[in-house]
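Residue numbers for the sequence shown follow my numbering, beginning at 59 and rising by one.
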Amino acid sequence: MLIEVIEKLLKDRSTLVAGSVVMAFEEVCPDRIDLIHKNYRKLCNLLVDVEEWGQIVIIHMLTRYARTQFVSPWKTDENVEEEYNENNFYESDEEQKEKDQKVKKNYAMDPDHRLLLRNTKPLLQSRNAAVVMAVAQLYWHLAPKSEAGIISKSLVRLLRSNREVQYIVLQNIATMSIQRKGMFEPYLKSFYVRSTDPTMIKTLKLEIMTNLANEANISTLLREFQTYVKSQDKQFAAATIQAIGRCATNITEVTDTCLNGLVCLLSNRDEIVVAESVVVIKKLLQTQPAHHGEIIKHMAKLLDNITVPVARASILWLIGEYCERVPKIAPDVLRKTAKSFINEDDLVKLQILNLGAKLYLTNSKQTKLLTQYVLNLGKYDQSYDIRDRTRFIRQLIVPNEKSGALSKYAKKIFLAQKPAPLLESPFKDRDHFQLGTLSHTLNSRATGYLELSDWPEVAPDPAVRNVEVAESSKEWTAVLKKTQKPTEKFYSESEEEEEDSASTSASDSESGSESEKEHKEESSGEESSGSSSSTGISSDSESEETTAKKTSGAAEESDSGDIKKKAKGISKSRSTFSSSDTESSSSDESSSNSKSESDSNSDSDTGKSRNATSSKKGEKTVQDRKAPNKQDVFLLDLDDFYPVTTPVAVPASAVLSPSLTADLEGLSLSGSSVIDVTTQVFVPTKTHEMLHRMTGKGLSAHYQFSRQPCIFGDRMVSVQVTLTNTTDQKIDNIHIGEKKLPPGMRMHEFNPIECLDPERSVTVSMGIDFCDSTQTASFQLCTKDDHFSVSIQPPVGELLLPVTMSEKDFKKEQGMLTGMNETSATINVAPQNSTGRVIIERLMKAANLGVVPSGQDKIHRFAAKTVHSGSLMLVTVELKESSTAQLIINTEKTVIGSVLLRELKPVLSQG
């Protein structure tokens, strides 16, 4: 039902509706892209006129849509590079021409793809930073690489905003600058750090400058970095030293310069700067250790003064790793550190043990006793890590009878060639998240994040976005007809359309009804106004009839002259014709004609007085609602959801059709109880383990209940399953296999996942009809090679949908659910749970309940209905004296009621 409403609202042409309905679409059914097809072009064209926050939602939705409907525009760039980067010198001109034609034919942008890019481009000048960011991410993910450069100037403009906006924009620029440096190189000076910038902004600017560094601008950047190292902000100074190290690794021309500069920093007074320099130098020396024996000696001399554990550990590792290049210094360093072993940090102790082991293997004459002394100290250390490492090293390097075969390879194990570490940007792994999202900012999948799909190999049929223009042509014909009768333009346009339909369709005009196909919205407008006042409906409908008959009176008089005579006799018994719908609709053609004529004659004199006596407010409402009919501004039609019969013209007292009467009764406040399903207030974040990674051979699965309406069926509970690949290999074809469900239970499985990359996760939605029971849904989760038995068991609180009702309706329904349908218990309430706010919060966290307004402070009421059967579940918490409370549950489902009571008792009694 909700999806039908969204589908209807998506067709609305009002810019006021577009943003809100797309937001509802994203929350309720984001996977139903079939609803967007017909409205895609309209949304693109409306985008500029939608309010700013609506623009953001629409742009993000259209980004996801475009990635599923169009082929990648980046293939052209790749093909061009492949063709022209390696010029095949010996190819003939004809072969080269053929290749050029293939490259051109390879890709032609879809007109709808171009429409989206063209209509979003002006929004880069928006005053709202979020809109600019949304367009920037759209161009990044959808535009050809040659066109994506236009976003860089707009993003740099946002750096003049407040620090919160700067932080988000700089994070996204940092991700972009890794893949496409050329976009931001012209704006390098915009990322220079200011003294007033907070640390988070300084660090991000530093990251971007490091990403943009190349042979041309490195000298300028290094001069800038030298200034940053002297900053009073020590965290920023340490980050600058890391940036210098990355530049030295990436640009070989300046490696020696950077290394010498870092060595100079070793004499800095600040310990943090020295420690960070040591760590970075250690990484740089691993790339070319043969030429830097002097630096290692210099660092060994600093060991006495440096106290930061990470720096001390780095120096010890360097000396141990290259002990053969400093044979005189290494044993002395071991002697000094052995003295202070018991006072060192665990990280340093481990490196002292490693240094001793390496020296024992390479220079045992000088270091044998020292190593054994260190191993004895480690044997009785308080840290089990140190004790374990000591035992391992002793068995490996000191041969004895118990030594295994590994001791022969001790030297190869300890002194093996280590690969140089890669100094990479921390933003390198963020590109798999969509730019501008919370997940990208946190570098972690946030709840509700929707992944961008990969480009399809072949574009789906673009014809699905074509819209029929039949309705608009009818409107134009109606307009042309109206221009022929300018003198009769007194009433609203919608009434003139009634007139047109009356003249074109003889049978419909005789019965006095509107054509349902062409004027569905007028009828709904009358029905909606009728819900407020039946008198207003009768008077309005009579006046509409009058005008319709009046304008077509000349034609009818010319058709038959005898009708006037019949009309005089029949007009006296008008009440007979208006007694019921059945009578008026079943009357023969002549009587219907005569009735119509009598209405037109009798009402012609009294039409003004009737309009005067009818409610002016009701009349204005009807006319106002009818006026925009031509623009299709109506948001919701009752006709779309209920089988309303064709309206019949009733001249005296407006008699509603039976189905419409039933609809209007539901709107009246004085009728039966009004119980509506409401949105969830609390969405639980608790996840349940479905498959452990050890059992699943690297595939883990967790599920949670989203408390969202299930898109797969009204009776199903929506379950979100998060699948994670914890291995270093792809997992193919993840799907649901054999199901072992209890009788009556149904499950809508998720679509098979073709491939899940290493260390990646994907969230999918399932629907399960638990039949209002807490029975387990068991099934097999399968991959290409394996299948695992898993199960999902719902807490009873997740089998409910929250509803809203008045306190009066609650008491009325509760009065009908007594006796066997009522379960209660007295509980001791924890002191911190005695306030109303806490009670509501804790109960709604435990179960999907809706709050019912209560006029008493000590009584709290909640209402819900079961997902499968729709049975009411009424919960009452009545606080008593001496910290006790009575918990009452009324429901037809006595089993669920007792289980829910058992689960809610500890919620209030425990702290």
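Beta carbons: idealized from backbone N, C-alpha and C, even for Gly.
- Proximity to Gly-913 across Leu-419, Ser-864, Arg-960 peaks at Ser-864, based on C-alpha coordinates.
- Taking the Cβ atoms as the reference, Val-822 lies roughly 5 Å from Val-779, within the contact range of under 8 Å.
- Straight-line spacing of the CA atoms in Ala-271 and Ala-206 works out to 21 Å.
- Cβ contact annotation for Ala-187 (same chain, cutoff 6 Å, sequence separation greater than five): Leu-216, Ser-219, Val-223, in chain order.
- Its chain contains Leu-510 as the residues whose beta carbon lies nearer than 6 Å to that of Gln-492, once the 5 sequence neighbours on both sides are disregarded; these appear in chain order.
- Linking Thr-298 to Ser-277 through their CA atoms gives a straight-line distance of about 15 Å.
- Of the residues assessed, Arg-221 falls on the exposed side of the cut-off, its CB having fewer than 16 other CB atoms within 10 angstroms.
- Look at Ala-232 here: in three-state DSSP terms it is helix.
- One thing to note: Ser-819 has its Cβ no nearer than 8 Å to the Cβ of Leu-757.
- Annotation: the continuous alpha helix (DSSP H) that includes Leu-196 extends over 187-200.
- Excluding sequence positions up to five before and after Tyr-286, its CB lies within less than 6 Å of the CB of Thr-298, all in the same chain and listed in chain order.
- Tyr-761 is bridged by DSSP to His-746, Val-779.
- The residue from Ile-850, His-356, Val-887 with its alpha-carbon nearest to that of Ile-373 is His-356.
- It is roughly 31 Å from the alpha-carbon of Leu-262 to the alpha-carbon of Glu-84.
- In terms of Cβ geometry, Thr-949 and Leu-962 do not form a close pair [threshold 8 Å].
- Taking 8 Å as the cut-off, the Cβ atoms of Thr-268 and Phe-294 do not count as close.
- Excluding five sequence positions before and after Lys-292, the CB atoms of its chain that fall closer than 8 Å to its own CB belong to Asp-328, Ile-330, Val-331, given in chain order.
- Rounded to the nearest whole angstrom, the C-alpha separation of Pro-911 and Lys-866 is 10 Å.
- The beta-bridge partner set that DSSP reports for Lys-798 consists of Ser-836.
- The Cβ atoms of Thr-881 and Leu-959 sit closer than 8 Å to each other.
- Val-516 and Ser-849 have their alpha carbons spaced roughly 37 Å apart.
- Between Ile-61 and Cys-87, the C-beta gap is smaller than 8 Å, which places the two residues in contact.
- For Thr-934, the CB contacts under 7 Å within the same chain, skipping 5 residues up- and downstream, are Ile-917, Arg-919, Ile-946 in chain order.
- Annotated three-state conformation of Lys-437 is helix, per DSSP.
- Relative to the Cα of Gln-762, the nearest Cα in the group Gly-855, Arg-449, Thr-753, Arg-176 belongs to Gly-855.
- Arg-370 sits buried, since 16 or more C-beta atoms from the chains shown fall within 10 Å of its C-beta.
- Setting aside the 5 residues that flank it on each side, Trp-198 is surrounded in the same chain by Ala-206, Ile-209, Met-234, Leu-493, each with a C-beta closer than 8 Å to its C-beta; the list follows chain order.
- Our two residues, Thr-307 and Asn-524, have alpha carbons roughly 54 Å apart in a direct line.
- Counting only residues of its own chain and dropping the five nearest sequence neighbours on each side, Thr-834 has a CB closer than 6 Å to the CB of Ser-849, Gln-851.
- The beta carbon of Gly-771 sits closer than 8 Å to the beta carbons of Arg-804, His-806, Gly-825, Asp-827 from its chain, once the five residues preceding and following it are set aside; these are given in chain order.
- Checking the DSSP bridge columns, you'll see His-918 partnered with Val-935.
- Closest in alpha carbon position to Lys-797, among Cys-829, Thr-784, Asp-362, Gln-838, is Gln-838.
- DSSP, reduced to helix, strand and coil, places Gly-303 within a helical segment of the structure shown.
- Secondary structure at Glu-509: coil, using DSSP grouped into helix, strand and coil.
- Under the three-state reduction of DSSP, Gln-944 is assigned to strand.
- Going by DSSP, Cys-813 is part of no alpha helix (DSSP H) but of the beta strand (DSSP E) stretching over 811-814.
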